[in-house]
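Since the structure comes first, as structure tokens, the remarks are kept for the end.
4 protein chains.
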Amino acid sequence: MASNSFGTLFRITTWGESHGKAIGVVIDGCPAGLPISEDEINAELSLRQPGRTEYVTPRSEKDHAEILAGVFEGKTTGAPLSIVIFNRDADSSKYEPIKDLLRPGHANFTYLEKYGIFDYRGGGRSSARETACRVAAGAVAKKLLAHHGIQIVSYIQEIAGIAIEQPNLNSPDHLKNATLQSPIFCPDSHTTQKIIAKIEEVKKEGDSLGGIIETVGFYLPIGLGDPVYEKLEANLAKAMLSLPATKGFEIGSGFAATRMKGSEHNDGFTVDDAGKIITETNFAGGTLGGISTGMPLIFRVAFKPTSSIMKPQKTVHAHQKTPEEFKLPEGSRHDPCVTIRAVPIVEAMTALVLVDSLLMHHSSRL
Amino acid sequence: MASNSFGTLFRITTWGESHGKAIGVVIDGCPAGLPISEDEINAELSLRQPGRTEYVTPRSEKDHAEILAGVFEGKTTGAPLSIVIFNRDADSSKYEPIKDLLRPGHANFTYLEKYGIFDYRGGGRSSARETACRVAAGAVAKKLLAHHGIQIVSYIQEIAGIAIEQPNLNSPDHLKNATLQSPIFCPDSHTTQKIIAKIEEVKKEGDSLGGIIETVGFYLPIGLGDPVYEKLEANLAKAMLSLPATKGFEIGSGFAATRMKGSEHNDGFTVDDAGKIITETNFAGGTLGGISTGMPLIFRVAFKPTSSIMKPQKTVHAHQKTPEEFKLPEGSRHDPCVTIRAVPIVEAMTALVLVDSLLMHHSSRL
Amino acid sequence: MASNSFGTLFRITTWGESHGKAIGVVIDGCPAGLPISEDEINAELSLRQPGRTEYVTPRSEKDHAEILAGVFEGKTTGAPLSIVIFNRDADSSKYEPIKDLLRPGHANFTYLEKYGIFDYRGGGRSSARETACRVAAGAVAKKLLAHHGIQIVSYIQEIAGIAIEQPNLNSPDHLKNATLQSPIFCPDSHTTQKIIAKIEEVKKEGDSLGGIIETVGFYLPIGLGDPVYEKLEANLAKAMLSLPATKGFEIGSGFAATRMKGSEHNDGFTVDDAGKIITETNFAGGTLGGISTGMPLIFRVAFKPTSSIMKPQKTVHAHQKTPEEFKLPEGSRHDPCVTIRAVPIVEAMTALVLVDSLLMHHSSRL
Amino acid sequence: MASNSFGTLFRITTWGESHGKAIGVVIDGCPAGLPISEDEINAELSLRQPGRTEYVTPRSEKDHAEILAGVFEGKTTGAPLSIVIFNRDADSSKYEPIKDLLRPGHANFTYLEKYGIFDYRGGGRSSARETACRVAAGAVAKKLLAHHGIQIVSYIQEIAGIAIEQPNLNSPDHLKNATLQSPIFCPDSHTTQKIIAKIEEVKKEGDSLGGIIETVGFYLPIGLGDPVYEKLEANLAKAMLSLPATKGFEIGSGFAATRMKGSEHNDGFTVDDAGKIITETNFAGGTLGGISTGMPLIFRVAFKPTSSIMKPQKTVHAHQKTPEEFKLPEGSRHDPCVTIRAVPIVEAMTALVLVDSLLMHHSSRL
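Chains as they are written, first to last, in this note's numbering: chain A, 489 to 854; chain C, 489 to 854; chain B, 489 to 854; chain D, 489 to 854.
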């Protein structure tokens, strides 16, 4: 199946293996006239970069995105954008000895069974490296959203059970800044410290942690999302569960809603000072019937603990089916909590969903 | 946007308003040669029916699906199936007085804003009545899955915080029977009693409850789902969040994974007595890299408490923006926990996702 | 494959067999607020009707389209329109004796081979009866185009080599009226007489004729159609070749262009009295680079002679592979020139392509 | 709109401007296990190359395709293939003086109106250079078709009215070789000479010619193509009319069918020596009801004379709307008959349509 594309009117197609020559993304359907530069894209990419802080994997190369097509004199032309990131740090020889062992928590088992062939070097196409392309495309989508006054902020809400309080949603800029000031993208500095301590502890054990990313969309117009099968939250859920290592998605009250009564959960309507209809609470999380209400869009994504750990694990040989011990090669990079690096990726995917809904929205009325 | 279709190779398109002449579904892409009858479809529909037990809304009409096209001499022909359910119980006059009030927890606000027009009678297109069409289509999908040896069982896992233990997954037939024997689709009889008591209590208050539905897919071949954007769980998440009243989705360990360590969460590989590669645990929930592992597929969906309650609620007039009290008309049907009736719907949507993945899977290798 | 849909943003899905219970179409993506009635749809259907004049098949039933969903208080709501036409005249017993004979020029051979099953009654899904649904959907599309000032006129340009001169394109209304006044949809009355004489002659022989339909689109805005794979003429060509009995499509100068020189064929640009940029000639047929120029859109479609003839034909038995003579049963309806009834169908498909392009066009610029 | 993709299961997305850094194609949905090399792709590209013979434009650079992803150890892996061709010969300064003049027969007018911006250097995205990417993708598609025993041969059937007889279709290899031996891809050597003389004559005048390309598909299985809207000829027509400079498409008897009677045109069924059902004639051109019959697939595509000519032409200034004379800069490359270079492109597009139909065909029956 042609499964490497996302979106309908603003459609991205990503390609490339983690240890191949390059990875890239084609963005088709971006309206003409949007100013966009390689620098803006690379600024977003640097947030996802391994090695941004000491709490993530110390991979040293720096991704550099190049725009090969679709921009003329600094603006989009309506033609597809092609963005490529050449791979630099691709010594894959160390994967040789373990190439026939099934990696617990990884996809080499299912890829091998599905395709009969697997590019074992660094995970091939199943590697999280693919998400760099999502971030690059997301940078373009965010620029387009900004043009329409929409802002998105994603941040760490919880790691290993250590959670922040619901942040103040009065100022997206303030929330964004607080997030960027934290080496782990957590807008609360006290919680940041606690989480960092936990990560350091687990890192020493060669083990890993999971966590939850929360995203808030600000200033969405009323009306984004389409009834029945293209509800805004349906497309967000798909976007998020398409990310590696995700195990769950919830919007607004989420799973907690299941323990509330209707009289508690229903958000009553009222009119604000500006004469705009709003809801008094926002358990809905910003949509009703799958369509944006104009209230902040709020959802959370659950990430499992990083599958790559330094401890030995029980496995089998892919072909001989003999029991084996799986151990990452000495000197392997080890990211004890991939959730952190996933923050800009979640933000990018959110942008892609919103942009597509926005372009769709044009044709809802005469 | 053309947003009333779901699926790619096995594609359904639903239509119809809750108080219009009829609702229906067109199923396009069903392989030729599948035996299917109206009786099989109606048997599935009766499970979703309001009035199946006293714990759901006492709406009295019985849905009857008719196949208008696509079946010849008892078998599918490769032509699209058209299934129609005529609406019988459609007195919508009682909605007149409240037609301009925004209904808390409902979509009339967002539909009005998006389209400038709203078929207020019973919720129009945003009504859960549309899900009858999903169940009808799901009956065809389940028949096709059965042909390939795949079974799905959905059941109530938790209502208002009252949860069952993880059921025994050794026998899908046993689990299915236990589920069907419960008036609330809960495979544990003790929990069934506790939940029924809770529902009766809340019903008297005119209030409502939410809950969680768990689904298990049995005997999936290895290889369903496609890399990157068409991961099996991504499509399941989209399918589930496209259902009315859903607030969350999680697969396998789900949100609980965020509090586990990698060494606990990674499912070790081993070989079973039949020589088949399996995992010792199944925190993954049946997929790796978005592709089915051959282990049971397990996921959960969170439903908010029913939005329609008998208590008065705070709202505003859609056009005059004046504060108003919203109260359902006397004699309105009241379903205190829609989660229960959603069980066959979740099962149907699961079937639709799996059938599409199965047909896609044919083209993955030479 | 899900192959019964056409269009992306304005998407139709048709269903139904010629001798089944009903045929129908779901229109998804029609903007809200468009006034549309069953009468308007039935007026279009009556043009396609067999028995409109004596020069087409004398089938007597009259199709009546019913809108089952998507219209509220006379206007579209953004919900899918469901239009159904119940079949009335469906005695299929006469097809029994020939059900295992391959029909020359028909699809029963390929359907049987592809699906292993064939609804032989009147051609099943491969019947031209399906096109009634296209006309019904086209009526909605034309209403939407009219709202944007766009008009389409299709007419007979040539039958059996008897052709009209290029009609005057100064007034779409005049061209439309001249076309409707002709019993064979040919805007020239003299040619109409000659063609009618030819049809009567061939009808007596039990034989059939083919012909060419020309279509002109008036007042298209500049900019419809999308670069590379969604060129306006590419989608028109697909739409036309999806019609039964079509053998060719050409736009503007068409095949005649292959015998012209570039200096003759290139349409020079100039400015008209209103200060609008136009071309002096219109060999292009209304598009450049697949995008509408604002000049009239002109294309032609070739139809083969009707496959159903009253003469005996050489064939084989589908299963026994024995040589057989194929003869339509006594009393079969015989339409000596289906091209005529195809005129409103071509117009409808043109409308569907243009509406989709128009909705797409909204998202081309910031 | 996302309009730079073609195909559903085997989907290509092309990108790049004629004078940008590079052009490329992503192929998504290619089954795993197909052996493919850069050499095979470059061999196809060299056929499309300007400068292959003296009868086409003398552009000197040689395109070199690089596979950046999707192939591992010489075989496809199920991951998307990314093929890139870097642009070398991109001096666009000579286009500066004419950048604001509307080019007769070109797309700069419609692009400017649609997008408000135009990459004027060499035609940008509207340039025929994009078709190199189609040829590269077509090389992969042809390899996959060859695996299934299907062969395609495209060739010049007519230039400026000088046509060949219908070639012998008994041997695809023989037809292919005769075609490749002709500097203008015309399988008849006598006609080749006449056409070359005509091209030389017109070239001296600074003028250009159009022509017709015929394509034959050999050994298609019965059953390719899908009913109603995804007929094989509908997708072929779309593919062909998506090519620059095309004005028409016809299958089998094509426009000539409109002058035949049904008794002449209907292809009678018979059984060949091998016991296979065939038709005695093949006016249908290899399909019935849009589905392949197993007979040779035959269609023709009309190309207008090359729009770029060396003669001065009448035009206007895009912004000032003043009358101007358009003249290509001295030293511009001039290809007097682009139809010739289009032969491998038509073959490639045919392959893309057939591969997609083939993969779709898997899901037609239980």
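Quick reminder that beta carbons are idealized off the backbone N, C-alpha and C, glycines included.
Listed along chain C are K749, G750, S751, each with a C-beta nearer than 7 Å to that of D695/A.
Sequence-distant partners of I511/A (beyond 5 residues in either direction) whose C-beta falls short of 8 Å from its own C-beta, in its chain, are T502, W503, G504, E505, V572, I573, N575, R617, E618, A620, C621. In this structure, the CA atom of A836/B is about 43 Å from the CA atom of K509/D. In this structure D607/A is buried. Its beta-carbon is surrounded by 16 or more other beta-carbon atoms within 10 angstroms. Taken through DSSP and simplified to helix, strand or coil, R499/A comes out as strand.
For the C-beta of V690/A, the chain C residues within less than 8 Å are, from N- to C-terminus, K749. Counting only unbroken stretches of 3 or more residues, the beta strand (DSSP E) elements lying wholly within the stretch 636-665 of chain A are 639-647, in sequence order. Using a CB distance cut-off of 8 Å, N754/B does not count as an interface residue toward chain C. By the neighbour-count criterion, in which a residue is buried when 16 or more other Cβ atoms sit within 10 angstroms of its Cβ, K692/C is exposed. Among the residues of chain B, those whose CB is under 8 Å from the CB of L522/A are L854, following chain order. The distance from the Cβ of P793/A to that of V804/A is about 22 Å, inconsistent with a contact at the 8 Å cut-off. With a cut-off of 8 Å on Cβ pairs, the stretch 639-658 of chain D is in contact with the stretch 676-685 of chain D, counting three or more such pairs.
Contact annotation: F814/C and P592/C have beta-carbon atoms nearer than 8 Å.
For the options S525/B, G637/B, T598/B, M748/B, the alpha carbon positioned closest to that of H552/B is the one of S525/B.
Burial is judged here by how many other beta carbons sit within 10 angstroms of a residue's own beta carbon; A634/D has fewer than 16 and is exposed. Look at the stretch 692-739 of chain B and you find these whole runs of alpha helix (DSSP H), each 4 residues long or longer: 720-729. If you look at P811/A, you'll find it in the beta strand (DSSP E) that goes 811-814. In this structure, DSSP gives Q669/A a helical state, which the three-state scheme calls helix.
Of the residues G626/A, G604/A, L590/A, the one whose Cα lies closest to the Cα of N530/A is G626/A. For L589/D, the three-state secondary structure derived from DSSP is strand. When Cβ-Cβ separations below 8 Å define contact, R821/C makes no contact with chain B.
DSSP places T838/D inside the alpha helix (DSSP H), whose first and last residues are 826-849.
Closest by C-alpha distance to P817/A, out of P824/A, T598/A, E584/A, is E584/A. The beta-bridge partner set that DSSP reports for P568/D is empty. For the C-beta of D714/B, the chain D residues within less than 7 Å are, from N- to C-terminus, M489, S491.
Taking the CA atoms as reference points, I638/C sits about 29 Å from G698/C. Minimum Cα-Cα distance from K726/B among the listed residues H850/D, A490/D, L731/D, E718/D corresponds to E718/D.
Listed in chain order, the positions of the stretch 596-616 of chain A with a beta carbon within less than 7 Å of a beta carbon of chain C are F597, T598, Y599, E601, K602, Y603, G604, R613, S614.
When C-beta distances to chain D are compared with 9 Å, the residues of the stretch 617-631 of chain B below that value are E618, in chain order. By the C-beta density criterion, A762/A is exposed, having fewer than 16 other C-beta atoms within 10 angstroms. Ranked by Cα distance from L522/D, the first of L556/D, R499/D, F706/D, V628/D is V628/D. In this structure, the CA atom of I710/A is about 14 Å from the CA atom of I605/C. Within the same chain, D755, G756, F757, T758, T781, M783 come within 8 Å of T767/D by CB-CB distance, once the 5 residues on both sides are set aside. Interface with chain B (8 Å Cβ-Cβ cutoff): L668/A is excluded. In the same chain as T838/A, and ignoring 5 residues on each side of it, the C-beta atoms closer than 6 Å to its own belong to I640, T703, in chain order. Between the C-alpha atoms of P519/C and S852/D there is a straight-line separation of about 5 Å.
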